[in-house]
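In what follows, a single structure is set out as structure tokens and then discussed.
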Amino acid sequence: MKSKFKIKGLDCANCAAELERAIQKIEGMNAVSISFMAERMEIEYEENHKEEIIKQLKKVVKREEPDVTIEEI
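Going by UniProt numbering, the sequence shown opens with residue 1, and the numbers climb by one from there.
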């Protein structure tokens, strides 16, 4: 299953790459792609775990990049 997000507050492409690596470690996460320039993030995850994946995603983003906000689109 895939979800797309608007991502605001990332300062650099390196920050986006580090955030991708952290998000990829979430259990049930299959793929992560962050476009720093477009301020977009797409994730692919196990179908039956959306609520838990999104909860963990927000937790990781807040821990890794406290000033970053995400909104599902």
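Using N, Cα and C, we set each Cβ at its ideal position, and we do this for glycine too.
Note that the structure is a prediction, hence the values are computed from the model and not measured.
On a CA-only basis, which of the options is nearest residue i? Give me that one, please.
i   : options               : result
K58 : C12, I23 and A13      : I23
I53 : E72, V68, P66 and A38 : E72
K2  : Q56, E46 and I34      : E46
Buried or exposed: which applies to residue i, given that a residue is buried once 16 or more other Cβ atoms fall within 10 Å of its Cβ?
i   : result
A38 : exposed
E65 : buried
Taking Cβ to Cβ, would you say residue i is nearer than 9 Å to residue j?
i          : j   : result
M29        : K4  : no
K25        : I70 : no
A17        : S35 : no
residue 80 : I43 : Because the chain in this structure spans residues 1 to 73, residue 80 falls outside the shown range and cannot be described.
Which residues does DSSP pair with residue i in a beta bridge?
i  : result
K2 : E44
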